[in-house]
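Trainee:
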Amino acid sequence: MPKNEKADAFVTEITPRSQDFSRWYLDVVRRAELADYSPVKGCMVIRPYGYAIWELLQQALDTRIKAAGHVNAYFPLFIPESLLTKEAEHVEGFAPQVAYVTHGGGEELEERLIVRPTSEAIFGTMYAKWIQSWRDLPVLINQWANVVRWEKVTRPFLRTTEFLWQEGHTAHETEEEAEEETLKILDLYAEVCESMLAMPVIKGRKSESEKFAGALRTYSIEALMGDGRALQAGTSHNLGQNFAKAFDITFQARDKSVQHVWGTSWGVTTRLIGAVIMTHGDDSGLVLPPRVAPYQVVIVPIPRGNWQETVLPKAREIQQQLVAGGVRVMLDDRDSYTPGWKFAEWELRGVPLRLEIGPKDIEKSSVLVARRDTREKLAVPMDGLVGRIRELLENIQRTLFDRAIKFREERTQRVNDYETFKQVMDGRPGFVVAPWCGSAACEAQIKSDTQATIRNMPTTAATPSGHCIRCDHPAVADAWFAKAY
Ligand code: 86X
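According to our numbering, numbering within the sequence shown proceeds without interruption in unit steps and concludes at 486.
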């Protein structure tokens, strides 16, 4: 079959991960049909297969956000320019990233509009109208939306001009409540990353120079990608009273005094899809954790003899059983492709389990099951198949998480002197945990010497006993350093 031989060769056209990680990433995104470039530079189309991953993730987040007491709403895409400048100090650094609408209805607008880069300004404006008394608090609103930030360098999912996210904006009576909320969401994000994406994350606080200028404190979750670089996977901000003051969000307190509310904001984006690709993918392509796999199982019928009358009905029966058991299944019954081509294709697209079924399997009343994560193949009896498949899916989910934890441990070093720090950062990339004095000058020097930044400082860590890696003054924290995306 010369035609399919050619197709087989095409399927393997992915740059090896070890040769060029970022080419590999782009190849996987394109060949797995997750996304494609659009006519506007920096904008991408999220294709159905990529969007299905987003929907699964969205559902998991949405359920948990609601269970934590929040409600969803939708705020407008356009924001009057004047609203943004109300929080001028926080916006300064972002100004070049803002997209403007200058014309509408064939006329120049009296006031320019911005396309939301984030929605603090419009949430703040509306909260000022809605909140009067302590009885109105807390306000806990989330929205699912698209946002636009003009970016110079873009990469599918990781940094695009327009992206999808959820953004939560809350208002509270006290500072303690706002801090509790900020950390509750950080935990929620970590739980979703670890349980759904099988991606371990480090929870911690950002340094002053890495935090959002409009926040009192910024927290993040950080994950280690397959090339040893860190990726910020979500942020949660305690905004203090900064936005309440900028937008005049006041309430009458229990003691009748008028006070500003305490705010938080937090978000995760479609970047998480990039994170899952770079955490688990290999030289054959995508490897999806079962919980976010659009298809958890692909059934490939082996076309021998009168397979349409024998194999195909059996394959359909198995598909139905699995679907009834809550498994997401793709039956690839296309007769225009060979089984070999289909194996390579679904492997590349990261489907956790492949079921092969041919006349011989039917005779033996079993199916051949291939795992994407370990590449193991096993014969599974038809009897009790659904239960066994569900076990295997859970096992794959756990195996991927364990593997990612192991990788991170291998790539994390605790270091106490600057020479070693520089050597490690010069060598194999990963996390370096080191004591830091808290000064921005040391942080900046370390960055210019090594390209490494403080990703965050775990909130659970014990008070550090050591001395700053760079200046030898007493440390305020053990910081997690890495070269980052
Ligand atoms: C910072 C703050 C915050 C809600 C999140 O990190 C999660 C979800 N918002 C985001 N921030 C900006 O990045 C930003 C960007 C531009 Cl272009 C801008 F004009 C204003 C901004 N304000 C805040």
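By construction, the Cβ of each residue, glycine as well, lies at the ideal position given by its N, Cα and C atoms.
Considering just the uninterrupted stretch of the alpha helix (DSSP H) at Ala61, what are its terminal residues?
Mentor: Here the alpha helix (DSSP H) through Ala61 covers 49–68.
Trainee: Do Gly359 and Arg305 have their CB atoms nearer than 9 Å?
Mentor: By the CB criterion at 9 Å, Gly359 and Arg305 fall inside the cutoff.
Trainee: Should Gly215 be counted as a contact of ligand 1 given a C-beta to heavy atom distance under 8 Å?
Mentor: At least one heavy atom of ligand 1 lies less than 8 Å from the C-beta of Gly215.
Trainee: Identify, in the order they occur along the chain, each residue of the same chain with its Cβ nearer than 6 Å to the Cβ of Ala294, setting aside the five sequence neighbours on each side.
Mentor: Pro353
Trainee: I'd like the span of the alpha helix (DSSP H) that includes Val154, first residue to last.
Mentor: Run containing Val154: none; DSSP gives neither H nor E here.
Trainee: Excluding sequence positions up to five away, which residues of its chain have a Cβ less than 8 Å from the Cβ of Thr461?
Mentor: Excluding residues within five positions, the ones whose Cβ falls inside 8 Å are Lys204.
Trainee: Could you tell me if the beta carbon of His71 falls within a distance shorter than 8 Å of some heavy atom in ligand 1?
Mentor: no
Trainee: If you draw a straight line from the C-alpha of Ile15 to the C-alpha of Thr271, how long is it?
Mentor: 23 Å
Trainee: Can you look up Ile250 in the DSSP assignment and give me helix, strand or coil?
Mentor: coil
Trainee: Per DSSP, Phe432 forms a beta bridge with which residues?
Mentor: Thr413
Trainee: What separation, rounded to the nearest whole angstrom, lies between the Cα atoms of Leu401 and Arg292?
Mentor: 11 Å
Trainee: Evaluate the contact criterion for the region 225–240 versus the region 176–193: three or more CB pairs, one atom per stretch, below 8 Å.
Mentor: yes
Trainee: For the alpha helix (DSSP H) that Gly268 lies in, which residues bound it at each end?
Mentor: First-last for Gly268: 263–270, but that is the beta strand (DSSP E), not the alpha helix (DSSP H).
Trainee: On the three-state DSSP scale, how would you describe Asp362?
Mentor: helix
Trainee: Check this for me: beta carbons of Val149 and Val116, under 9 Å apart or not?
Mentor: yes
Trainee: Do you know whose CA, among Lys67, Gly94, Ile66, Tyr101, lies nearest Ser83's CA?
Mentor: Tyr101
Trainee: Hey, would you say the C-beta of Trp81 is under 8 Å away from at least one heavy atom of ligand 1?
Mentor: This sequence places Pro at residue 81; Trp is not what is there. Checking the Cβ of Pro81 against ligand 1 gives no.
Trainee: Need the endpoints of the alpha helix (DSSP H) that Gly125 sits in, please.
Mentor: 121–131
Trainee: Please tell me whether Gly268 and Phe244 are closer than 9 Å, where the distance is taken between their beta carbons.
Mentor: no
Trainee: Residues in the same chain with beta-carbon distance under 6 Å from Asp284, minus the five sequence neighbours each way, listed in chain order, please.
Mentor: Pro17, Arg18
Trainee: If you drop the 5 nearest sequence neighbours on each side, which residues of the same chain put their C-beta closer than 7 Å to that of Tyr26?
Mentor: Ile278, Met279
Trainee: With a threshold of 8 Å, establish whether the CB of Arg150 neighbours any heavy atom of ligand 1.
Mentor: Arg150 Cβ: within cutoff of ligand 1.
Trainee: Please determine, among Gly385, Arg412, Arg372, Ile406, the residue with the shortest C-alpha to C-alpha distance to Asn396.
Mentor: Nearest option by C-alpha distance: Arg372.
Trainee: I'd like to confirm something about Gly268: is its beta-carbon nearer than 8 Å to some heavy atom of ligand 1, or not?
Mentor: yes
Trainee: Beta-carbon within less than 7 Å of Leu58's beta-carbon, same chain only, minus the 5 sequence neighbours each way: which residues are those?
Mentor: Same-chain partners within the cutoff: Met197, Leu273, Val293.
Trainee: Are the region 87–96 and the region 139–147 touching by the rule of at least three beta carbon pairs closer than 8 Å?
Mentor: no
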